[in-house]
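Asker: Handing you this structure, nothing more for now.
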Amino acid sequence: MFNLNKKNLIPLLVIISLLIFLSISISALRRPVLDVAKEPLSVISWLRRELGGIIFYHRNLIENSRLRKEVDLLRYKLAGLNEIYLENNRLKRSLAFKQNSALKLICARVIARPADNWSSGLIIDKGSTSGIRKGLAVISYLGLAGRIVETTASTSKVMLLSDPNLGVSSLVQRSRQEGLVCGTLGNNLIMKYLPEDADIKLQDVIVSSGLNDTYPKGLLIGRVIDIGKEFSGLSRYALIRPVVDLSNIEEVLVIIP
Amino acid sequence: MRANTLLITALVLGLFQITFLENFKVFGVKPDLLLLTVVIAGLFWETRAAVIFGIAIGILKDIFSLNTFGLDILLFGLWAFLTVKISRKVSIEDNLTRGLLVFIIALMQNIAVGLSGGLSGSFVPFGIFLRLVFLSALYTALPLPLILKITKTRI
Chain A
1 MFNLNKKNLI
11 PLLVIISLLI
21 FLSISISALR
31 RPVLDVAKEP
41 LSVISWLRRE
51 LGGIIFYHRN
61 LIENSRLRKE
71 VDLLRYKLAG
81 LNEIYLENNR
91 LKRSLAFKQN
101 SALKLICARV
111 IARPADNWSS
121 GLIIDKGSTS
131 GIRKGLAVIS
141 YLGLAGRIVE
151 TTASTSKVML
161 LSDPNLGVSS
171 LVQRSRQEGL
181 VCGTLGNNLI
191 MKYLPEDADI
201 KLQDVIVSSG
211 LNDTYPKGLL
221 IGRVIDIGKE
231 FSGLSRYALI
241 RPVVDLSNIE
251 EVLVIIP
Chain B
258 MRANTLLITA
268 LVLGLFQITF
278 LENFKVFGVK
288 PDLLLLTVVI
298 AGLFWETRAA
308 VIFGIAIGIL
318 KDIFSLNTFG
328 LDILLFGLWA
338 FLTVKISRKV
348 SIEDNLTRGL
358 LVFIIALMQN
368 IAVGLSGGLS
378 GSFVPFGIFL
388 RLVFLSALYT
398 ALPLPLILKI
408 TKTRI
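If you want it as structure tokens, here you go:
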């Protein structure tokens with residue numbers, strides 16, 4: 001099957017070396033291809049959304065009526081919160097509280113997803129010309145979604161929270177217990193490095209801790225749905241259900257610091 | 258099988274894989290249609306053409322992935338080479354055997370990518386690892402008769 005002799009060993013080694021070089025320098029190839037592919041991908045993405053609307057008509061109809069009810073409820077809550085917000089503003093002013101600068105957001109549309117099952121990410125239609133750069137946090141209207149890992153002039157790649165390569169320093173909103181939230185490639189996230197006596201309960205809200213500059217403090221990540229002990233027995237972990245439906249994102253917001 | 262037909266099919270399936278297939282995920286898993294085209298090339302083409310095709314499709318897949326290292330460039334070329342060698346030693350004429358071959362290659366591809374991720378420090382729970390490895394391999398093998406029909410009718 002493999003007829004290796006001295007004569008064809010050298011060309012084979014050269015080819016393998018070239019392939020390894022190509023593998024390492026794949027990032028350089030991505031930029032031009034992604035820039036060229038942006039427009040066709042936008043068209044296909046639009047087509048996919050429109051066809052999805054027709055194919056999943058009944059599901060969308062039910063979801064629409066559920067969302068309408070939710071909107072009514074949220075409008076009611078928002079009216080109450082507006083009062084609190086105005087009161088808060090008044091109090092802040094009266095205390096001469098130095099307000100943090102508001103977040104600048106860039107809205108982007110999802111045009112594609114990674115081709116493999118072993119990473120969780122998005123390709124969005126905004127890039128470095130819109131001010132997006134590597135390392136910026138990506139959110140949806142509900143909470144934290146991921147981080148920019150690569151940009152071209154007109155597209156960017158987002159690594160989602162569900163990717164195991166992404167870790168977010170986070171804390172339990174109620175008890176301020178710190179931990180590291182990582183992806184699992186599944187529906188849930190995992191909060192690691194919790195001490196044995198960590199003050200964490202089911203349904204606790206997890207937010208970003210703001211310990212590093214990438215993610216602003218207080219961004220909503222999810223809720224605790226299960227707590228367990230690590231295999232070593234030295235620490236505990238918590239399973240987190242993310243607030244953002246990471247498998248169905250269509251638009252995202254990139255935070256520009 | 259014509260080179261142009263398979264190349265165009267691969268490009269269309271690649272675009273399909275990064276856009277439409279999100280709606281057809283089963284248990285969070287989608288089939289690797291690009292790998293499928295590489296195995297088809299290995300079954301019907303000569304070694305050199307199949308390996309070059311495998312490397313080209315590997316580049317295409319790696320362009321749309323999040324990994325810093327282009328592992329598919331190496332793996333797809335290897336799978337194309339192995340498919341050619343196996344198909345010369347063993348008679349692979351019916352779709353069931355071809356499907357089994359795709360399943361085994363997809364299984365090896367998933368194990369290689371999964372383990373490389375694990376070695377680089379990204380932890381995936383064992384249950385999810387198994388689900389991705391087996392279900393994705395099965396899901397990749399299932400559309401083979403359809404893709405073969407599409408590519409063969411264009412000869």
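Here the protein sequences come in this chain order: A and B. My numbering puts the first residue of the first sequence at 1, with every later residue one more than the last. My numbering puts the first residue of the second sequence at 258, with every later residue one more than the last. Virtual Cβ for every residue (Gly too), placed ideally from N, Cα, C. Quantities reported herein were computed from a predicted structural model and do not represent experimental measurements.
Whole angstroms is fine: what's the gap from isoleucine 271 of chain A's alpha carbon to isoleucine 139 of chain A's?
Answerer: An answer regarding residue 271 of chain A cannot be provided, because it is not within the stretch 1 to 257 covered by chain A.
Asker: DSSP three-state label for proline 32 of chain A, please.
Answerer: Proline 32 of chain A: helix per DSSP, three-state reduction.
Asker: Using the C-alpha atoms, what's the distance from leucine 41 of chain A back to asparagine 5 of chain A?
Answerer: Using only the alpha carbons, I get a separation of about 46 Å.
Asker: Counting only the same chain and skipping the five closest in sequence on each side, list residues whose C-beta sits under 6 Å from that of glycine 146 of chain A.
Answerer: So the qualifying residues of the chain are Val138, Val158, Met159, Leu160 and Leu161.
Asker: Using a cut-off of 9 Å between C-beta atoms, extract the partners of leucine 387 of chain B located in chain A.
Answerer: None at all; the shortest Cβ gap to chain A is about 12 Å.
Asker: Spatial neighbours of isoleucine 10 of chain A within its chain, please: C-beta separation below 7 Å, excluding the five flanking residues on both sides.
Answerer: None.
Asker: With H, G and I counted as helix, E and B as strand and the rest as coil, what does DSSP make of tyrosine 141 of chain A?
Answerer: Residue state, collapsed to three classes: coil.
Asker: Mind listing the chain A neighbours of valine 283 of chain B? Cutoff is C-beta to C-beta under 9 Å, in chain order.
Answerer: Near valine 283 of chain B there are no residues of chain A at all, since even the closest Cβ is about 11 Å away, more than 9 Å.
Asker: What residues match up with leucine 194 of chain A in a beta bridge as DSSP calls it?
Answerer: In the DSSP output, where bridge partners are listed per residue, leucine 194 of chain A has A:Arg236.
Asker: Contact defined as beta carbons within less than 8 Å: I believe valine 381 of chain B pairs with threonine 184 of chain A. What is the distance between those atoms, to the nearest angstrom?
Answerer: Confirmed, about 6 Å.
Asker: Interface residues of chain B around arginine 113 of chain A at Cβ under 7 Å?
Answerer: The answer, in chain order, is Ile275 and Glu279.
Asker: For proline 164 of chain A, which residues in the same chain have their Cβ closer than 8 Å to its Cβ, ignoring the five residues on either side in sequence?
Answerer: Result list for proline 164 of chain A: Cys182, Gly183, Thr184 and Leu185, in chain order.
Asker: Taking the continuous beta strand (DSSP E) assigned at arginine 388 of chain B, which residues delimit it?
Answerer: Arginine 388 of chain B -> no beta strand (DSSP E), and no H or E assigned at all.
Asker: Take the Cβ of arginine 176 of chain A as the centre, count every other Cβ of all protein chains shown within 10 Å, and call the residue buried at 16 or more, exposed below.
Answerer: Exposed, by the Cβ-count rule.
Asker: Taking the continuous beta strand (DSSP E) assigned at leucine 180 of chain A, which residues delimit it?
Answerer: Looking at the DSSP string, the run of the beta strand (DSSP E) that includes leucine 180 of chain A is 178–183.
Asker: Would you check if there are 3 or more beta carbon pairs closer than 8 Å linking the region 269–276 of chain B to the region 102–122 of chain A?
Answerer: Cβ pair count under 8 Å is three or more, so yes.
Asker: Just verifying my parser: in three-state terms, what is the DSSP assignment at glycine 356 of chain B?
Answerer: It is helical.
Asker: With DSSP run on the structure shown, which of helix, strand or coil describes isoleucine 200 of chain A?
Answerer: In this structure, isoleucine 200 of chain A counts as coil in the three-state DSSP scheme.
Asker: Using a Cβ cut-off of 8 Å (strictly closer), state whether valine 359 of chain B contacts chain A.
Answerer: Cβ-Cβ to chain A under 8 Å: no for valine 359 of chain B.
Asker: For glutamate 150 of chain A, list the residues DSSP reports as bridge partners.
Answerer: In the DSSP output, where bridge partners are listed per residue, glutamate 150 of chain A has A:Lys157.
Asker: Let me know if proline 195 of chain A comes out buried or exposed under the rule of 16 or more other beta-carbons within 10 Å of its beta-carbon.
Answerer: The residue in question, proline 195 of chain A, is exposed, as its Cβ has fewer than 16 Cβ neighbours within 10 Å.
Asker: Go to aspartate 329 of chain B, then tell me how far its alpha helix (DSSP H) extends in each direction, as first and last residue.
Answerer: Its alpha helix (DSSP H) spans residues 328–346.
Asker: The ligand SAH and valine 205 of chain A: does the residue's C-beta get closer than 7 Å to at least one heavy atom of that ligand?
Answerer: Ligands in the displayed structure: none, and consequently the ligand SAH is not present.
Asker: My understanding is that lysine 217 of chain A touches serine 209 of chain A, with C-beta atoms under 8 Å, so please give their C-beta distance in whole angstroms.
Answerer: Confirmed, about 6 Å.
Asker: Residues of chain B with CB under 9 Å from isoleucine 24 of chain A, in chain order?
Answerer: Result: Thr325, Phe326 and Gly327.
Asker: Verify the CB distance criterion: does isoleucine 330 of chain B have a CB-CB separation below 8 Å to chain A?
Answerer: Chain A contact via Cβ: present.
Asker: Excluding the five sequence neighbours on either side, which residues of its own chain have a C-beta within less than 8 Å of the C-beta of glycine 311 of chain B, listed in chain order?
Answerer: Cβ within range, chain order: Val295, Ala298, Gly299, Phe333, Gly334, Leu335, Trp336, Ala337 and Phe338.
Asker: In the DSSP output, which residue or residues are listed as bridge partners for alanine 112 of chain A?
Answerer: For alanine 112 of chain A, which the question treats as bridged, DSSP gives the partners A:Ile123.
Asker: What in chain A is Cβ-close to leucine 364 of chain B, meaning under 9 Å?
Answerer: Under the 9 Å cutoff, chain A gives no residues; its nearest Cβ is about 13 Å from leucine 364 of chain B.
Asker: Which chain A residues are close to leucine 272 of chain B, counting only those with a beta carbon under 9 Å from its beta carbon?
Answerer: Near leucine 272 of chain B (Cβ distances below 9 Å), the residues of chain A are Ala37, Pro40, Leu41, Ile44 and Ala112.
Asker: List the residues of chain B that cysteine 182 of chain A touches, going by C-beta distances under 9 Å, in chain order.
Answerer: Here the neighbours are Ser379 and Phe380.
Asker: Starting from arginine 223 of chain A, follow the beta strand (DSSP E) in both directions and report where the run begins and ends.
Answerer: Start and end: 220–229.
Asker: Just the C-alpha distance for leucine 142 of chain A and leucine 67 of chain A, rounded to the nearest angstrom, thanks.
Answerer: Spanning the two alpha carbons is a distance of roughly 14 Å.
Asker: Using a Cβ cut-off of 8 Å, which residues of the region 288–314 of chain B contact any Cβ in chain A, in chain order?
Answerer: Those would be Asp289, Leu291 and Ile312, in chain order.
Asker: Quick check on glycine 375 of chain B: buried or exposed, where buried means 16 or more other Cβ atoms within 10 Å of its Cβ?
Answerer: Burial call: exposed.
Asker: May I ask you to verify whether the region 53–62 of chain A touches the region 346–358 of chain B, counting CB pairs closer than 8 Å and requiring at least 3?
Answerer: No, they do not touch.
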